[in-house]
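Position 57 of the sequence shown, counted from 1, bears residue number 202 in my numbering, the numbering being contiguous throughout. Backbone N, C-alpha and C define an ideal beta-carbon position, used for all residues, glycine too. Quantities reported herein were computed from a predicted structural model and do not represent experimental measurements. This report refers to the structure that appears directly beneath it.
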Amino acid sequence: MYGSRTTGSPYAPHTDTETVAMLDAVGVDSEEALFDIPEPVQFDGDFGIDARSERATRQLVESILERNDDLVELLGRGHYGYYIPSLVDHLSDRSEFLTSYTQYQPEVSQGFLQALFEYQSMLVELTGLEVANCSMYDAATALGEAATLADRLRSVSGSVVLVPELLAANKRSTLGNYVAGTDLTVETYPMVDGAADLDAIADRLDGDVVMLYAENPTVRGTIEPGLSTLGDLATESDSLFVLGSDPVALSLLERPADVGADVVIGDASVLGLPTAYGMGLGLFATREDYLRQVPGRLVGASEDGDDRRAYTLTLQTREQHIRRERATSNICTNQAWVALRTAIHAAALGPDGLVDLATRDVTRARELAERVDDLPGVTAPVHDRHHVREFVARVDGAASTIAADLEDHGYAVHTLGEDELQLCVAGATDDELDGFVDALSEVVR
């Protein structure tokens, strides 16, 4: 018996009398009146699902999944299907990791805390910045958190967040959600041949830009050649310079700290996680000067009572579960298990393996661009730049029609506008790329 009731749960301890009093206080007659749920989707007490045995259920689910198209994905734009070594699954699927919740009790969480500390250390090494948190939801939320960080650190009188005009829609949308509750506004700067227009940015940085954001590689796969100049421009205008990237690209490209980046964000799940169509792993690294303004969780190293190295969540007074509305961020969880998988994958590859993977991304993208450029009716790459993993090709005819025809041949690509396709080599085998070139040669005739 819980309170005055004979049914219910100790996790929902309100008595009937207390519930009636609360409903009366807010002026409604029932709990259902607190929710505006359209009638067609209201639960009427019956799911309408016939009972089945486990075996029958498995057969049904498998038959549904078999209706999915089995496509070779050359999508890019955040969808990267790198091969994941089997040890990533075997280690991360251990029950100690799968059943672990937030590591609030370090005395029983040393293994997971050490793994997260190693994840942070890898990002520190790749970015050259001094501090990395132990993950955010995805790259889009990391960008939003960078904007609100810039707002808290504001050293200019303005409130403009300046981002490239070529930016993934999910990042732009999420950034808009983050700044909606502030006085920040988002503006875009133009791109020239797939890279930042440095002259236009220099003209725009007139003292009211609180944050300048750039990506390397860009959403179209181009390597941004003017990062040092962007860093200098941001420093001269007292703007926070935020750079978007990922662990694979960072292993080969310029270190963000060396080009003046104050914050690095991106999606770390390019390692350790297959294409998830939504779930990601946001990386967030910054300078030690901003340590107490960092959103999300931080794992620190210390010593226990026996002088042994020990790990713990540190500086928790920044966080929502302690500071509530005065916290640095509303984020109150993270992607710890995905970060674990990323750390395992990165450790398995090692420094040389990471560089080899990134180098292959550059050479294979260039080789594929050369092959499709030889096809009649195709120009690749559109941008006269170096590329990582992916590039844009222009086609004669409607891009949507060609993409649909490619899908019939078993290949998925992104369409951009009326006559452009974005092609990505990450995770594709040489045989799959050979097959794609053959398929493209047929559909562009």
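Practice prompt. Would you kindly check if the distance between the Cβ of V253 and the Cβ of R486 is under 7 Å?
Written response: Residue mapping note: residue 486 aligns to position 341 of the sequence shown, counting from 1. Residue mapping note: residue 253 aligns to position 108 of the sequence shown, counting from 1. In this structure, V253 does not lie closer than 7 Å to R486 by Cβ.
Worksheet item: Rounded C-beta distance between V324 and A295? I'm assuming under 8 Å.
Response: As a first step, residue 324 must be located in the sequence shown, where it is residue number 179. As a first step, residue 295 must be located in the sequence shown, where it is residue number 150. Not really, about 10 Å apart at Cβ, beyond 8 Å.
Discussion item. By DSSP's criteria, G221 is part of a beta bridge. Which residues make up the other side?
Written reply: To locate residue 221, count along the sequence shown from 1; it is residue 76. H224, per the DSSP bridge assignment.
Fill in: Sequence-distant residues of its chain with Cβ nearer than 6 Å to S545 (five each side left out)
The sequence position of residue 545 within the sequence shown is 400, counting from 1. Once the five neighbours on either side are set aside, the close Cβ partners of S545 are T560.
Fill in: Delimiting residues of the beta strand (DSSP E) encompassing Y334
Here residue 334 corresponds to residue number 189 of the sequence shown, with the count starting at 1. Taken as a continuous stretch (DSSP letters only), the beta strand (DSSP E) holding Y334 covers 330–334.
Practice prompt. Can you grab the Cα-Cα spacing for the pair V354 / D328, in whole Å?
Written response: Along the sequence shown, read from residue 1 onward, the residue named residue 354 stands at position 209. Along the sequence shown, read from residue 1 onward, the residue named residue 328 stands at position 183. The alpha-carbon atoms of V354 and D328 are separated by roughly 12 Å.
Worksheet item: When you compare only the Cα positions, how much space is there between T431 and G405?
Response: For the purposes of this step, residue 431 is taken as residue 286 along the sequence shown, with counting starting at 1. For the purposes of this step, residue 405 is taken as residue 260 along the sequence shown, with counting starting at 1. Their backbone Cα atoms lie some 11 Å apart in a straight line.
Item to complete: Return the chain-ordered ranges of every beta strand (DSSP E) run that is complete within the region 355–424 and spans a minimum of 3 residues.
Response: 385–390, 408–412
Item to complete: Mind listing, in chain order, the continuous alpha helix (DSSP H) runs of no fewer than 4 residues lying wholly within the region 519–574?
Response: 544–553
Worksheet entry | Alpha-carbon to alpha-carbon, P185 and L271 | Within the sequence shown, the letter at position 126 stands for residue 271. Within the sequence shown, the letter at position 40 stands for residue 185. Their backbone Cα atoms lie some 51 Å apart in a straight line.
Practice prompt. With a threshold of 16 other CB atoms inside 10 Å of the CB of V165, please say whether the residue is buried or exposed.
Written response: To locate residue 165, count along the sequence shown from 1; it is residue 20. So V165 ends up on the exposed side.
Worksheet item: If you count every other CB in all the chains shown that lies within 10 Å of the CB of H532, and 16 or more means buried, which is it?
Response: The sequence position of residue 532 within the sequence shown is 387, counting from 1. With 16 or more Cβ atoms within 10 Å of its Cβ, H532 is classed as buried.
Worksheet entry | Any 3 or more C-beta pairs closer than 8 Å across the region 515–525 and the region 493–501 | no
Worksheet item: Taking Cβ to Cβ, would you say L416 is nearer than 7 Å to V276?
Response: Counting from one through the sequence shown, the residue named residue 416 turns up at place 271. Counting from one through the sequence shown, the residue named residue 276 turns up at place 131. No, they are not a contact pair.
Worksheet item: Sorted by chain position, which residues of the same chain lie with C-beta nearer than 8 Å to H528's C-beta, five sequence neighbours on each side aside?
Response: Numbered from 1 along the sequence shown, position 383 holds the residue referred to as residue 528. Excluding residues within five positions, the ones whose Cβ falls inside 8 Å are D338, G339, A340, R365, T367, F536, V537.
Worksheet item: Three or more beta-carbon pairs under 8 Å between the region 220–227 and the region 461–476, yes or no?
Response: no
Practice prompt. Report the partner residues of R463 according to the DSSP bridge assignment.
Written response: For the purposes of this step, residue 463 is taken as the residue at position 318 of the sequence shown. Partner(s): none; R463 has no beta bridge.
Worksheet item: What separation, rounded to the nearest whole angstrom, lies between the Cα atoms of G411 and R463?
Response: Locating residue 411 in the sequence shown gives position 266, where the first residue counts as 1. Locating residue 463 in the sequence shown gives position 318, where the first residue counts as 1. Taking the straight line from one Cα to the other gives about 22 Å.
Discussion item. Could you compute how far the alpha carbon of V269 sits from the alpha carbon of V540?
Written reply: Stepping through the sequence shown from its first residue, residue 269 is reached at position 124. Stepping through the sequence shown from its first residue, residue 540 is reached at position 395. Taking the straight line joining both Cα atoms gives about 41 Å.
Fill in: Counterpart residues of Y282 in DSSP-defined beta bridges
Position 137 of the sequence shown holds residue 282. Beta-bridge pairing links Y282 to no other residue.
Fill in: Buried or exposed by the 16-neighbour rule on C-beta atoms within 10 Å, applied to A510
The residue given as residue 510 occupies position 365 in the sequence shown. By the 10 Å Cβ count, A510 comes out buried.
Discussion item. With a threshold of 6 Å on Cβ separation, who are the neighbours of Y358 within its own chain once the five nearest residues in sequence on each side are excluded?
Written reply: One-based indexing of the sequence shown puts residue 358 at position 213. Same-chain partners within the cutoff: V308, V387.
Discussion item. Between which two residues does the beta strand (DSSP E) holding R454 run?
Written reply: The residue labelled residue 454 in the question sits at position 309 within the sequence shown. That run of the beta strand (DSSP E) goes 454–458.
Discussion item. Suppose the cutoff is 7 Å on Cβ atoms and the five residues either side in sequence are ignored; what does the same chain contact list for Y556 look like?
Written reply: Here residue 556 refers to the residue found at position 411 when the sequence shown is read from its first residue. Taken in chain order, the residues that qualify are L216, V217, L219, F581, A584.
Fill in: Opposing strand residues paired with E447 [DSSP bridges]
Working through the sequence shown from its first residue, we reach residue 447 at position 302. Going by the sequence as given, residue 447 is Ser instead of Glu. In DSSP, S447 forms a bridge with A455.
Practice prompt. Name the residue from D407, A455, T473 whose alpha carbon lies nearest to the alpha carbon of Q248.
Written response: Counted from its first residue, the sequence shown places residue 248 at position 103. Answer by Cα proximity: A455.
Discussion item. Suppose you measure from the CA of D283 to the CA of D348; what does that come to, to the nearest Å?
Written reply: Position 138 of the sequence shown, counted from the start, is the residue given in the question as residue 283. Position 203 of the sequence shown, counted from the start, is the residue given in the question as residue 348. Distance between the alpha carbons of D283 and D348: 32 Å.
Practice prompt. Compute the Euclidean distance between the alpha carbons of D403 and G389, then round it to the nearest angstrom.
Written response: Walking along the sequence shown from the start, residue 403 turns up at place 258. Walking along the sequence shown from the start, residue 389 turns up at place 244. If you take the alpha carbons of D403 and G389, they lie about 14 Å apart.
Item to complete: Leaving aside the five residues before and after K316 along the sequence, list all residues of the same chain whose C-beta is less than 6 Å from its C-beta, in chain order.
Response: Within the sequence shown, the letter at position 171 stands for residue 316. So the list reads A285, L288, once near-sequence residues are dropped.
Worksheet item: Would the beta-carbon of S280 fall within 7 Å of that of A446?
Response: Here residue 280 refers to the residue found at position 135 when the sequence shown is read from its first residue. Here residue 446 refers to the residue found at position 301 when the sequence shown is read from its first residue. It is not a contact, given that the beta carbons lie outside the stated cut-off.
Discussion item. Comparing C-alpha positions only, which one of T457, L205, R442 sits nearest to E448?
Written reply: Translated into the one-based positions of the sequence shown, residue 448 becomes position 303. Nearest option by C-alpha distance: T457.
Item to complete: Work out the CA separation of L205 and R131 for me, nearest whole Å.
Response: Any question about residue 131 goes unanswered here, given that the chain covers just 146 to 590.
Worksheet item: For S384, which of E399, N361, G522, V408 has the nearest alpha-carbon?
Response: Here residue 384 refers to the residue found at position 239 of the sequence shown. Residue V408 is the option with its Cα nearest to S384.
Worksheet entry | L428 - containing beta strand (DSSP E), residue span | Sequence index remark: in the sequence shown, residue 428 carries index 283 (1-based). Counting along the chain, the beta strand (DSSP E) containing L428 begins and ends at 427–431.
Discussion item. Looking at the secondary structure, which residues open and close the beta strand (DSSP E) in which L307 lies?
Written reply: Here residue 307 refers to the residue found at position 162 when the sequence shown is read from its first residue. Note, L307: beta strand (DSSP E), 305–309.
Item to complete: Using the Cα positions of P440 and D169, report the straight-line distance between them to the nearest angstrom.
Response: The residue you call residue 440 lines up with position 295 of the sequence shown. The residue you call residue 169 lines up with position 24 of the sequence shown. Cα to Cα, the separation comes out at about 39 Å.
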